[in-house]
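>
Protein chains in written order, with this note's numbering: chain A, 1 to 152; chain B, 153 to 363.
1) Where do the N-terminal and C-terminal ends of the alpha helix (DSSP H) with residue 196 of chain B fall, by residue?
2) Taking the alpha-carbon of residue 285 of chain B as reference, which of B/200, B/206, B/354 has the nearest alpha-carbon?
3) Check the Cβ of residue 267 of chain B against every Cβ in chain A and list those closer than 8 Å, keeping chain order.
4) Where do the N-terminal and C-terminal ends of the alpha helix (DSSP H) with residue 261 of chain B fall, by residue?
5) Compute the distance between the beta-carbons of residue 151 of chain A and residue 223 of chain B, then report whether it is under 8 Å.
6) Measuring only the C-alpha atoms, how far is residue 235 of chain B from residue 362 of chain B?
7) So which of B/154, B/294, B/352 has the shortest CA-CA distance to residue 210 of chain B?
8) Report the neighbours of residue 205 of chain B on chain A: residues whose CB is nearer than 7 Å to its CB, in chain order.
9) Classify residue 327 of chain B: buried if its beta carbon has 16 or more other beta carbons within 10 angstroms, exposed otherwise.
10) Residues of chain B with a CB under 9 Å from the CB of residue 10 of chain A: which are they?
11) Contact check, residue 279 of chain B vs residue 182 of chain B under 8 Å by CB: the rounded distance?
12) Can you name the start and end residues of the alpha helix (DSSP H) that residue 235 of chain B belongs to?
13) At a CB-CB cut-off below 9 Å, which residues of chain B make contact with residue 152 of chain A?
14) Is the number of C-beta pairs between the stretch 333-342 of chain B and the stretch 244-258 of chain B that are closer than 8 Å three or more?
15) Work out the CA separation of residue 335 of chain B and residue 324 of chain B for me, nearest whole Å.
16) Sorted by chain position, which residues of the same chain lie with C-beta nearer than 8 Å to residue 306 of chain B's C-beta, five sequence neighbours on each side aside?
17) If we ignore side chains and look at the alpha-carbon of each, how far apart do residue 213 of chain B and residue 159 of chain B end up?
18) Does residue 2 of chain A come within less than 8 Å of chain C when only Cβ atoms are used?
19) So, with DSSP's three-state summary, where would you put residue 86 of chain A?
20) Just curious, the alpha helix (DSSP H) that residue 316 of chain B is in, first and last residue?
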């Protein structure tokens, strides 16, 4: 459930796209975002934004849902085991206790060159996962656009 | 701050691509202006860091190059793929996320600064929607099909990027909202809602759906 502030922010995002289309596309059928999301009775009233919708898209069917970043529970591993895979995108961290894994990951990340390479590493996933108990201030919203992907 | 400077390269490269594709000079200049705005956002973010006692110094982050999309059916399709990714997806999400931070921030200089950044992001997003809506009726069936296929890839990349950057936890430091800090978990929720109710329906209205 979105807070009121986030509902207003969402409405701003809707207006950014919706108003532009309405202003520029006389030949194009204008579809209310909320109606298109599946609620025939919906309007642009913020109170209806939470109406459930049917959207055939990767995001909606879970194909691009949040990755499972929690390390498996299993036999103990060493810090060297952690560091061996900690910078490899998509790798799963060997199991250690949360505190030990956290210490190893912090050590690993602090040793990285500060060039952004720490992004996408399993250690960052672990440190940012609420199950690890690490209190990381969330001042990391990406505001500017990244490079677009390629199709090939 | 680091992210803003990196994003300025995205817009500079997009302006170059549009120029090569012979888009109107005014459009190219507008995108070039977006790069300037991103750099200015970086300066503003750095100023906040300094005013809070930190040191606004960081290495420049290089994140690849803008794809030329040589597999596209036309140069305009190649440009529109990048515009779709940058403006209609990334920047529209930014409008929602920054807007939420701004909504939760008390009145004061920091909120004024965030309002400036937010209004620029609105402009970056609207540019893409405007351009796409102008070109949509002109696209061939092949171009439209290619763009729909690209949309799937771009959505996946966007989700990966956002989820890597937004912590999954719900931790907000005491008085964090005053500094623009937010719950990563709630921001993720807002991200998905923005894609579902703002982005996808309006792309569908333009004849583009992820395939």
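Note that CB positions come from ideal geometry on N, CA and C, so glycine has one too.
Taking the definition as stated:
1) For residue 196 of chain B, the enclosing alpha helix (DSSP H) has its first and last residue at 177-203.
2) Scanning B/200, B/206, B/354 for the CA closest to the CA of residue 285 of chain B turns up B/354.
3) Close to residue 267 of chain B, with beta-carbon spacing below 8 Å, lies no residue of chain A; the smallest spacing is near 12 Å.
4) Residue 261 of chain B -> alpha helix (DSSP H) spans 261-287.
5) Yes.
6) So the alpha carbons of these two residues sit roughly 16 Å apart.
7) When C-alpha distances from residue 210 of chain B are compared across B/154, B/294, B/352, the shortest belongs to B/154.
8) Neighbours of residue 205 of chain B on chain A: none; closest Cβ ~15 Å, over 7 Å.
9) With fewer than 16 Cβ atoms within 10 Å of its Cβ, residue 327 of chain B is classed as exposed.
10) In chain order: 248, 251, 252, 342, 345, 346, 349, 350.
11) About 6 Å separates the two Cβ atoms, so the contact holds.
12) Its alpha helix (DSSP H) spans residues 227-235.
13) Simply 219, 221, 222, 223.
14) Judged by Cβ distances under 8 Å, the stretch 333-342 of chain B makes contact with the stretch 244-258 of chain B, as three or more pairs qualify.
15) When rounded, the distance between both Cα atoms is 6 Å.
16) Answer for residue 306 of chain B: 233, 236, 237, 241, listed in chain order.
17) For the pair residue 213 of chain B and residue 159 of chain B, the Cα-to-Cα distance works out to about 10 Å.
18) The displayed structure is made up of protein chains A and B, and chain C is not among them.
19) In the structure shown, residue 86 of chain A sits in coil (DSSP, three-state: anything other than H, G, I, E or B).
20) Looking at the DSSP string, the run of the alpha helix (DSSP H) that includes residue 316 of chain B is 293-317.
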